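Student: Take this structure first; my questions come after.
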Amino acid sequence: MEIYSTVLWHLHAEVQLSTLAQDLVSQDRNSAAAWCATGNLFSAQTEHETAIKFFQRAIQVDPNFPYAYTLLGHEYVLTEELDKAITAFRNAIRLDPRHYNAWFGLGTIFSKQEQYSLAELHFKRALQINPQNSALMCHIGVVQHALKKTDQALKTLNTALMNDPDNTLCKFHRASINFSIGRHMEALREFEELKNIIPKESLVYYSIGKVHKKLGNTHLALMYFSWATDLDPKGVNSQIKEAILSPGQGDDDSPPTQSDEQQAQSNSMEQDVETSREGSAAPLAGNVSVEPHADDSDDSL
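The sequence shown begins at 1 in full-length UniProt numbering and counts up one residue at a time.
Rendered as structure tokens:
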């Protein structure tokens, strides 16, 4: 049930999540899963301090329950208590070395800290446990690009897209990397494809505008920038340099790409629940908070 509660978290189904949490607590107050569900409910409501208390309660009820430590770790990431998050993730791994979402959690922290080599190491450890997870591959590709391993990054993203052709986040990163290395037409084709898949994602229009600007198509660039603004009238994505640039991509000619520490993502970019409350999933800037949270692969059950 703790996994199901995380699924509801991803779906933003707060009513169902509230009902589930109340039912589980009423049935068994000594169930760690019940308190995890309750913590997920408050996390979904962005009441992170309260969520932390309930995840701690789950651990108190069952100190050998790795999933609770992982949920706690991700919540600490959201409150920027990274040392506590690292401890929580390591406790989860101590209890279950194959708990890949805890390895993923450590990777997200090291990525936030711009320790990209360590991030890559931990993401790869997670991938060894869950080798078909395209979203994990996407995170690896991002940090590889940050480490200037561009060829490896593209290879990783290509593999991810072979496994999951519909992974829009991987497509976005691949297009952004192609743009950054001068493959402008390849980048443009992929961004155009993304525009058709997720037609309301302002960041895609912004990126197409950047490509046209680089190609000298000023009128097209201005048109796409205008469309991006129309799709994002409140300016959620306006601070591209600060909010959306991927690790290691500070060049003004580079389209924005998703970083693990980014605070928002579009509904249309949300990836499967086997990744994270990010990202990792997953993901472009927009309407839904990117909160790196727990996965639910068979390996972690």
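Glycine residues also receive a C-beta, built at the ideal position from the N, C-alpha and C atoms.
It should be emphasised that the depicted structure is a prediction, and the values quoted were computed from it without experimental measurement.
So is D151 buried or exposed if we call it buried at 16+ other beta carbons inside 10 Å?
Tutor: Locating residue 151 in the sequence shown gives position 151, where the first residue counts as 1. So D151 counts as exposed.
Student: Are P66 and A102 touching if we call contact CB-CB under 8 Å?
Tutor: If you number the sequence shown from 1, residue 66 lands on position 66. If you number the sequence shown from 1, residue 102 lands on position 102. Yes, Cβ-Cβ distance for P66 and A102 is below 8 Å.
Student: Check each candidate in R174, G182 and S180 and name the one with the smallest Cα separation from E193.
Tutor: Within the sequence shown, numbered from 1, the residue matching residue 193 stands at position 193. Selected option, being the one with the closest Cα: R174.
Student: Got a sec? Which residues, its chain only, sit under 6 Å from N178 by beta carbon, not counting five neighbours each side?
Tutor: By 1-based counting over the sequence shown, the position of residue 178 is 178. Only E186 and A187 meet the Cβ criterion.
Student: Hey, would you say A68 sits closer than 8 Å to A126, going by beta carbons?
Tutor: To locate residue 68, count along the sequence shown from 1; it is residue 68. To locate residue 126, count along the sequence shown from 1; it is residue 126. No, these two residues do not count as a Cβ contact at 8 Å.
Student: Can you give the Cα-Cα distance for A21 and K214, rounded to whole angstroms?
Tutor: Taking the first residue of the sequence shown as 1, we reach residue 21 at position 21. Taking the first residue of the sequence shown as 1, we reach residue 214 at position 214. If you take the alpha carbons of A21 and K214, they lie about 52 Å apart.
Student: Locate the alpha helix (DSSP H) running through T46, then write down its first and last residues.
Tutor: On the sequence shown, position 46 is the one that residue 46 refers to. T46 -> no alpha helix (DSSP H), and no H or E assigned at all.
Student: With E201 and K171 assumed to form a contact (beta carbons below 8 Å), what rounded beta-carbon distance in angstroms separates them?
Tutor: Taking the sequence shown and counting its residues from 1, one reaches residue 201 at position 201. Taking the sequence shown and counting its residues from 1, one reaches residue 171 at position 171. Between K171 and E201 the Cβ distance is about 11 Å, and since that is not below 8 Å, they are no contact.
Student: What is the rounded straight-line gap between the Cα of N163 and the Cα of T70?
Tutor: Taking the first residue of the sequence shown as position 1, residue 163 is located at position 163. Taking the first residue of the sequence shown as position 1, residue 70 is located at position 70. Those two C-alpha atoms are separated by around 26 Å.
Student: So what's E190 in DSSP terms, helix, strand or just coil?
Tutor: Taking the first residue of the sequence shown as 1, we reach residue 190 at position 190. Here E190 sits in helix by DSSP.
Student: Using the Cα positions of H184 and A51, report the straight-line distance between them to the nearest angstrom.
Tutor: The residue given as residue 184 occupies position 184 in the sequence shown. The residue given as residue 51 occupies position 51 in the sequence shown. So the two alpha carbons sit approximately 45 Å from each other.
Student: Would E44 and E14 qualify as a contact pair, given that the criterion is a beta-carbon distance under 8 Å?
Tutor: Here residue 44 refers to the residue found at position 44 of the sequence shown. Here residue 14 refers to the residue found at position 14 of the sequence shown. Note that residue 44 is Ala in the sequence shown, not Glu. For A44 and E14, yes; Cβs fall inside 8 Å.
Student: Measuring straight from C-alpha to C-alpha, what distance separates L17 and E49?
Tutor: Mapped onto the sequence shown, residue 17 falls at position 17. Mapped onto the sequence shown, residue 49 falls at position 49. Using only the alpha carbons, I get a separation of about 18 Å.
Student: How many Å lie between S207 and L157 at the Cα?
Tutor: Against the sequence shown, residue 207 aligns to sequence position 207. Against the sequence shown, residue 157 aligns to sequence position 157. So the alpha carbons of these two residues sit roughly 18 Å apart.
Student: Under three-state DSSP, which class holds T257?
Tutor: For this step, residue 257 is matched to residue 257 along the sequence shown. Confidence at T257 is low in this model, with a pLDDT of 48, below 50, so the placement of that residue should be treated as unreliable; the coordinate-derived value is given next. Of the three classes helix, strand and coil, the one that applies to T257 here is coil, per DSSP.
Student: Check whether the Cβ atoms of V77 and I129 lie closer than 8 Å to each other.
Tutor: Translated into the one-based positions of the sequence shown, residue 77 becomes position 77. Translated into the one-based positions of the sequence shown, residue 129 becomes position 129. In this structure, I129 does not lie closer than 8 Å to V77 by Cβ.
Student: How would you label D232, buried or exposed, when you count the other beta carbons within 10 angstroms and need 16 or more for buried?
Tutor: Translated into the one-based positions of the sequence shown, residue 232 becomes position 232. D232 should be labelled buried.
Student: Just to confirm the assignment, what range does the alpha helix (DSSP H) spanning residue 304 have?
Tutor: In the structure as shown, the chain starts at 1 and stops at 301, and residue 304 therefore has no counterpart that could be examined.
Student: State the DSSP-derived secondary structure class of K228, mapped to helix, strand or coil.
Tutor: In the sequence shown, residue 228 corresponds to position 228, counting from 1. Reading off the sequence shown, one finds Ala at residue 228, where the question assumed Lys. Helix.
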